[in-house]
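To start, the structure under review is shown below, and the notes come after it.
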């Protein structure tokens, strides 16, 4: 009794202490809310006992102890700061939140499920017989083909678009029980109850319907699978399971089909082969039907399951089929209908008539490592999703259940309710990892897509409901900040894509936020609105820190802020922000530690009126006003001559209105560059000058008829490489194009896309933020070994779609039109990495251009070293900001379509968008998907290797029809004059050549052609060309008798004396020179009738 009383007393004491803690927590919340209301109203006076987050966290820890987590308390404090009147529940500091939605309704939300059942696609098997069903479905991943076999003999091959590529109809009396793909023979094997069918699906014409039939078989075949043998060419092993409990290993070679195919193509139709001529082994492993057989390459063994309760599953190597040694057996009640293997989890999943899914370790057959219970009917099929670690099981009642392998939890249940009573059974099921789809076969083929595939490819990405105005990246917190035109600030985690917090109406109701910037440390960010107000916030908590109120005499939108840049303050707890207004004014805003209000400490003087009339430079002097603190850019005044004319409202002044700015603060340089319609205004605070540089009129003639905004500069960026980065780049080797492997894509290259990222040193970062270069004040002891820093370069993005690179003197180094699938498109955004090795650009049509500038920055700035590597369509509308994250090698794009998307920088593959339901997967995957509003594939620019020479081609031969006409019929024999003896015809050609004939300059070498050992004197006999006779009637006869006959024939003819004398003298010369006396005329020429 004493122990029970003590427990009761301790319980009552704990409850009492907890109630006291709750009362103290409520008072703390009320004090904090009151303080925040006073801060917003401007009535709060900063004191030592003011409650900030650190004091709030310490107070809560004192009340509730160390059980409160920092992340939960941060979320609660952020909520309290944003809305002081909101209901505060103490459960939230412990990580428990009350949801207004019904948990059951939220769980049943289709977009939270694994498969999007309502997007199911159904394909009817055309050409199948009545009441035919799909008995087997096989996926060939490396060919991206799908093979289906129906029970009554229709074998169909589908391509990756699920269109019928080819099909055949097996005219066999028995039903088909299974099919598979022969990897080495590249044919399809199917099994019927008594035969094996081998079909060459790639055959053309009439032979497409031809196939080989291997029979007879000892037992009824029930299942089949192919053993992949990469080391054996032209050979495949087939595993067969039958109704006798036997597992057969059948070996087929290409010679078994190729030799007979070469004899006669007509005899090929339904060629029957004797099964005894094939090598086969078999062993009885089960006492009942073999229901499923698979070969598991990861385990280097095969598995077969049966309805036998004692020998339900056998898992062994192929060698055990040739002997009688014991095998690994798994036993389960009522046997197993199906099984599969998960490689990542290293478990074998089985299911059968006992309605229980069991998970087995491959080496432990005594007891399963896990059980999944929930099916009400027999389990007929089980497949795995390796990527998501899911198990999909199917029962005989057409009920699907999706399980998580790691947690053994049920994720989704859905039922195929379509079809009549005859369509109740599903005979086959596979998971297509290439397309993220579950495919089932019954009387039709149904395809259930993954929800994430529908969300990525079918649903329009949306991060905000309105267009994006600003996007920033905090590289220290690894978070992305986005602001839309509805003035909603949202902060996202880069690695997961989850939203951290949001701020509604940060500058007041219905006031649009137009610009923002994050400071060097990543702890603060500033926002600017269209009414000219500026606010500084704590990045981690979203708490407002300081504010620049609106001026009394300001006109609406006159002081709209287009750009904000944080400057590095010389003193701690000070803030300096450089702001660009829409009217072109550049001013510096200061924030002190003990003041919640920001103040404007100086404005750059308006230099536009003094840079006209051919004047390109104006000198500056430092103002004499005293400053309480050192500022990076001094307050300056223009040095103007006294007789200078007063500035007037000249229309040419509009061409010098500032559109964009960038700054450079490094040792030896203190610059502000401002982009205008037709040039750059460069403020140099080291030399105390302001110049008008980068004028296109000074580089090439400009058409005066063009629109004034044709060459407008939309964004400007300094390209400067610090000595440390230059040393790092010189040590890193850039791989050549022949050594780099290009990523998969429709237009791939062997270029240096990979080399840029290989040259980056992982883990090393420099203090460079978006669009700006921060000062490097650290002096390295080994700075003497560092290479000298090269002068900075300016890059401008123009309205005409060109990228132009300039020196500080205004000399044009490179004028480039980025390659996309469309014509010149206006560029809107620029970005570079910390070491200035790559350059990113975005345009109005939503394209992202990735360039390699690592070698170009080194003198003498060779144009050929500026290389575009990649281009892809990221959005269907204008891109307002593009950011490259070095440590993750991803690109973030923001567009006016309201979405912020993530892409792989190596190949332009789509990762997802901020605001989607599933988490990001930043690891490089083989899945290639595109958002639904983008149809263009990434383009990789091919780079020509410096080691490859252009191949020289000889000119082709052209058929000469004129010479061919002269050679027709007997024209050569009668019309052409006979050539002289030992004379070669050089002009006698079938073709006329475009190149000059090759003449041998060296004599031909002699060689011995005889073979005395074999008794052969000549290896080849020479062939001499004899002159053609004028007529066959007067062919000379060789010998004395032939001479007499010819003389008699000549005297009987009425010929002229001149011709007869010529013939007689010719025959006399032949009589003297030709011996033996043989008549050869009849041997060479046929007799001609008189």
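In our numbering, the protein residues as written are 25 to 1114.
Note that the Cβ used here is the ideal one computed from N, Cα and C, for glycine as well.
Classify residue i: buried if its beta carbon has 16 or more other beta carbons within 10 angstroms, exposed otherwise.
i	result
residue 315	buried
residue 260	buried
residue 906	buried
residue 573	exposed
residue 865	buried
residue 578	exposed
residue 226	exposed
residue 940	buried
residue 703	buried
residue 242	exposed
residue 829	buried
residue 63	buried
residue 843	exposed
residue 507	buried
residue 82	exposed
Kindly give me the distance between the Cβ atoms of residue i and residue j, rounded to whole angstroms, as I take these residues to be in contact under 8 Å.
i	j	result
residue 917	residue 958	Not confirmed; about 11 Å, so no contact.
residue 589	residue 432	Contact flag wrong, Cβ pair sits at about 53 Å.
residue 389	residue 353	6 Å
residue 863	residue 825	No, residue 863 and residue 825 are not in contact; Cβ-Cβ is about 15 Å, not under 8 Å.
residue 393	residue 371	7 Å
residue 954	residue 937	That belief does not hold up - the Cβ atoms of residue 954 and residue 937 are roughly 12 Å apart, past 8 Å.
residue 240	residue 218	6 Å
residue 319	residue 251	5 Å
Please work out which residues of its chain come closer than 6 Å, Cβ to Cβ, to residue i, disregarding the five sequence neighbours upstream and downstream, and give them in chain order.
i	result
residue 89	none
residue 220	238
residue 477	460
residue 130	Reliability of the predicted coordinates at residue 130 is poor, the pLDDT of 43 falling under 50, and no value is obtained from them.
residue 710	694
residue 501	546
residue 300	none
Once you ignore the five residues that flank residue i on each side, which residues in its own chain have a CB closer than 7 Å to its CB?
i	result
residue 102	525, 565, 566
residue 368	410, 413
residue 114	46, 49
residue 640	715, 716
residue 890	838, 840, 875, 877, 880
residue 509	490, 491, 493, 536
residue 538	493, 552, 553, 554, 584, 585, 586
Just verifying my parser: in three-state terms, what is the DSSP assignment at residue i?
i	result
residue 574	coil
residue 170	strand
residue 227	coil
residue 321	coil
residue 911	coil
residue 375	strand
residue 849	coil
residue 561	strand
residue 612	strand
residue 1082	Per-residue confidence for residue 1082 stands at a pLDDT of 45, beneath the threshold of 50, marking its modelled position as unreliable; the derived number appears in the next sentence. Residue 1082 falls in the helix class under three-state DSSP.
residue 313	coil
residue 965	coil
residue 146	strand
residue 35	helix
residue 101	helix
I'd like the list of long-range same chain contacts for residue i, defined as Cβ closer than 8 Å, with 5 residues on each side in sequence excluded.
i	result
residue 628	609, 610, 611, 660, 696, 707
residue 558	550, 551, 552, 571, 572, 585, 588, 601, 603, 613, 622
residue 1073	Residue placement at residue 1073 is flagged as unreliable, the pLDDT there being 46, under the threshold of 50; the coordinate-derived value follows with that caveat. Within the same chain, residue 1073 has no close Cβ partners at all.
Just to confirm, does residue i get its C-beta within under 6 Å of one of the non-hydrogen atoms of the ligand GDP?
i	result
residue 716	Looking for the ligand GDP in the displayed structure turns up nothing, as the structure carries no ligands at all.
Exercise for review: Ignoring anything shorter than 4 residues or poking outside the segment 445-489, list the alpha helix (DSSP H) runs there in chain order.
Suggested key: 475-481
Check your understanding: What are the complete beta strand (DSSP E) segments, minimum 3 residues, inside the segment 514-556?
Key -> 523-528, 537-542, 548-553
**Study point:** Continuous beta strand (DSSP E) assignments of at least 3 residues falling wholly in the segment 354-429
**Key:** 362-366, 371-375, 380-384, 394-397, 403-409, 414-419, 423-428
Check your understanding: Taking the runs of the beta strand (DSSP E) that are 3 residues or longer, which of them lie wholly in the segment 870-924?
Key -> 871-876, 891-897, 903-909, 914-919
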